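Same order as they appear, the protein sequences are chains A and B. For what it's worth, the working numbering labels the leading residue of the first sequence as 149, then goes sequentially. For what it's worth, the working numbering labels the leading residue of the second sequence as 117, then goes sequentially. Every residue, glycine too, gets a C-beta built ideally from N, C-alpha and C. Keep in mind that this is a model prediction, so the values were computed, not measured. Written below as structure tokens is the structure these notes are about.
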Amino acid sequence: MPISVVSLRQLCFTYQSTTVLSDISLDIHAGDYLAVVGPNGSGKTTLIKVLLGLLKPSGGSATLLGTPTQAFRDWHKIGYLPQNPPALSTRFPATVKEVVSLGLLSRKHIPRRIGKSDAAAVQKALEVMDIVPLKHTLIGELSGGQQQRVLVARALVAEPQMLVLDEPTAALDPEIRERFFNALAGLNKEKGTAVVIVTHDIGGIGQYASRLLYLDKKVIFYGGFDDFCYSHDVTNYFGEFSQHIICHRHDRKERN
Amino acid sequence: MQLIEALHYGFIQRALVAGIFVSILCAVLGLFLVLRRFSLIGDGLAHVTFGSVALGLFWGIYPLYASIPLVCISSLGILRLTQRARIHADAAIGIVSSLGISIGIVVASIAGGFNIDLFSYLFGNILAISRTEVVLSVALSLGLIMAVAVFYYDLFSVTFDENYARVSGIKTGAVNRVLVVLTSLTVVLAMKVVGIMLVSSLLILPAVTALQLGRGFKATLFIAGLAAVCAVVLGIFVSFAFNLPTGAVIVLMSFFCLLLAFVAGRLLRIRGAA
């Protein structure tokens with residue numbers, strides 16, 4: 149029985165009397181690669197925030213590695229890439245290396261220090277995202293895609309047990325996107341890192357993800373790709389064309 | 117020659133020691149506040165300091181002892197208004213700031229007799245700083261700088277991305293409280309250097325100066341501290357040489373440093389692009 153990384157039971161979230169999430173129940177296990185998809189405003193980012201304890205659920209329960217999210221403390225086991233971090237729009241004076249090293253703070257206790265012993269981990273994350281030449285550049289001087297790679301490196305640097313990525317490929321060019329997905333698949337397969345990825349990148353998920361959650365304030369579909377490809381209910385919500393692309397890529401991957 | 121002679125005066129020595137420590141503290145905290153777009157909290161808390169000084173004088177206690185707790189409570193009030201009442205930071209600062217200044221005016225009006233004392237706090241006079249105040253300023257500055265050093269990475273992470281910092285296990289609520297309390301204590305200390313009216317300039321100008329040149333967070337903090345020290349030292353000597361109000365001259369020197377940094381930053385970027 150694989151270890152349960154995330155467990156949600158009848159989870160609800162209401163914001164100013166508007167229901168954003170309703171009756172969400174699911175389990176994510178070590179080694180899962182879950183793609184979370186759905187239209188704008190369907191509650192994908194809210195689900196991620198509730199799952200990480202950034203928002204308190206209005207009802208139901210959420211646990212991370214067996215601990216209720218509000219009481220969870222082992223943050224070094226979780227890597228997170230938020231959607232649109234606020235500081236990137238300003239001329240923030242931090243270098244790429246400094247930003248990536250922030251990903252190691254979850255392993256430290258007060259007074260937190262990043263020392264020479266952390267340099268290898270930072271270097272490795274920079275290499276995975278192919279940003280070594282940028283390490284002394286200010287984060288604000290980078291393009292949107294380069295900034296995104298820096299933040300992904302920050303999520304990867306502590307080698308977490310679970311990666312939660314909110315639209316990680318939105319600003320990446322095709323080559324880097326491919327490299328990123330390969331790195332993610334490597335971590336997932338070789339180290340059993342659970343991956344939860346919110347994305348609109350329909351082409352990418354069929355090739356890499358093992359499970360799919362289709363969300364529209366509630367769970368419309370949650371399961372493996374085989375089930376998804378034969379699920380007629382999903383077509384109404386997901387669009388026949390999109391479903392076709394995902395199933396086609398999934399079949400091709402299975403053949404390979 | 118006149119400037120070297122000035123160093124022999126006890127009041128100049130005291131002003132330099134207190135000014136250097138307080139300005140470094142202001143510059144370091146100011147960078148976090150400016151990057152979080154929270155820099156006007158210095159101005160707001162300075163207005164609260166006005167009210168608390170008036171209350172201190174009214175109650176007949178040393179104004180600093182009244183100011184420290186009242187300004188700390190007000191800063192936590194601003195934070196709570198921002199977080200709980202869904203009021204934007206600038207509006208929350210405006211509310212607490214106007215409340216502070218209103219209390220000061222009402223108390224001054226009721227008491228009637230201490231308007232001249234209050235005036236000295238409004239515009240500050242670092243050259244009149246006493247030995248006890250120097251010791252208090254240096255001790256508090258060292259304590260606060262050490263607190264910033266202990267929480268450096270926490271403050272850096274929260275400043276860069278608060279949501280991510282929470283998922284790193286950083287108690288962002290506690291870090292925010294530490295930041296505003298440190299700012300409160302700094303504003304009260306800086307009141308003697310430049311006065312209530314100009315205190316926010318010590319927080320904002322060195323930070324903005326450093327942002328023109330800094331490459332890396334630690335380097336930017338260092339430049340901010342250096343700019344603040346230069347402004348205070350130059351300000352004290354220039355004001356002494358030309359018999360001008362010291363607080364205002366320190367602020368003018370800070371602005372001069374900003375202009376220099378702006379030009380130097382532009383030149384460096386042009387050279388870098390070529």
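How would you list, in chain order, the residues of chain B whose beta-carbon sits under 8 Å from the beta-carbon of residue i?
i, result
"A/A242", "F272, F276, G332, F333"
Please list, in chain order, the chain B residues whose beta carbon lies closer than 9 Å to that of residue i.
i, result
"A/Y228", "N279, Y280, V283, S284"
Please report the distance separating the alpha-carbon of residue i from that of residue j.
i, j, result
"B/L171", "B/A182", "7 Å"
"A/A319", "B/N279", "20 Å"
"B/R196", "A/V367", "36 Å"
"B/L295", "A/Q295", "27 Å"
"A/L250", "B/A281", "8 Å"
"B/H163", "A/G186", "49 Å"
"A/I287", "A/P281", "13 Å"
"B/N292", "A/F376", "45 Å"
"A/L174", "A/A273", "31 Å"
"B/V266", "B/I136", "21 Å"
"A/A219", "A/S209", "12 Å"
"A/K339", "A/I151", "13 Å"
"B/C373", "A/T162", "50 Å"
"B/L375", "A/L299", "34 Å"
"A/I324", "B/G341", "40 Å"
"B/A143", "B/T299", "11 Å"
"A/G371", "A/A178", "15 Å"
"B/A335", "A/T243", "10 Å"
"B/L180", "B/L215", "19 Å"
"A/Q271", "B/E249", "48 Å"
"A/F373", "A/L182", "10 Å"
"B/A207", "B/L147", "21 Å"
"B/L350", "B/V303", "21 Å"
"B/F174", "B/I217", "15 Å"
By the criterion of Cβ-Cβ separation under 8 Å, what are the contact partners of residue i in chain A?
i, result
"B/L327", "R239, P241"
"B/T266", "In the sequence as displayed, the identity of residue 266 of chain B is Val instead of Thr. Under the 8 Å cutoff, chain A gives I258, P259."
Tell me which residue opens and which closes the beta strand (DSSP E) that residue i is part of.
i, result
"A/D113", "For chain A, the structure presents residues 149 to 404; residue 113 of chain A sits outside this window and is missing."
"A/R157", "152 to 163"
"A/T211", "207 to 212"
"A/I345", "342 to 346"
"B/F154", "Note, B/F154: premise wrong, no beta strand (DSSP E); not H, not E."
"A/D314", "310 to 314"
"A/G372", "367 to 372"
"A/S363", "A quick correction: the sequence has Leu, not Ser, at residue 363 of chain A. Unbroken beta strand (DSSP E) run through A/L363: 359 to 363."
If you follow the alpha helix (DSSP H) that residue i is part of, which residue opens it and which one closes it?
i, result
"B/M369", "362 to 389"
"B/F353", "333 to 358"
"B/S191", "179 to 200"
"B/F137", "126 to 151"
"A/G293", "292 to 304"
"B/V222", "205 to 227"
"B/L119", "118 to 122"
"A/I350", "350 to 356"
"A/L274", "267 to 276"
"A/E307", "Counting along the chain, A/E307 falls outside any alpha helix (DSSP H), and DSSP gives it neither H nor E."
"A/E289", "Note, A/E289: premise wrong, no alpha helix (DSSP H); not H, not E."
"A/K192", "192 to 199"
"A/P322", "322 to 338"
Run through chain A and tell me which residues come within less than 9 Å of residue i, C-beta to C-beta.
i, result
"B/T336", "P241, A242"
Show which residues of chain B have a CB atom less than 7 Å away from the CB atom of residue i.
i, result
"A/L304", "None at all; the shortest Cβ gap to chain B is about 13 Å."
"A/L169", "In chain order: nothing, as chain B lies at least about 18 Å away."
Segments of 4+ residues assigned as alpha helix (DSSP H) that fall wholly inside the region 241 to 325 of chain B:
Assignment of alpha helix (DSSP H) within the region 241 to 325 of chain B, counting only whole runs of 4 or more residues, yields 247 to 266, 268 to 276, 278 to 283, 288 to 310 in chain order.
At a Cβ cut of 8 Å, what residues of the region 247 to 280 of chain A count as close to chain B, listed as they run along the chain?
V247, L250, G251, L253, S254, K256, I258, P259, R260, R261, I262
What are the residues of the region 196 to 228 of chain A that lie near chain B, defined by any Cβ-Cβ distance shorter than 7 Å?
L200, L202, R221, W223, I226, Y228
Could you run through the region 285 to 297 of chain A and flag, in chain order, every residue whose CB is less than 7 Å away from some CB of chain B?
L286
In chain order, each alpha helix (DSSP H) run of at least 4 residues that lies wholly inside the region 210 to 265 of chain A
Entirely contained in the region 210 to 265 of chain A, the alpha helix (DSSP H) runs reaching 4 residues are, in chain order, 244 to 249.
Cβ-based contacts, 7 Å cut-off: residues of the region 174 to 201 of chain B near chain A
none
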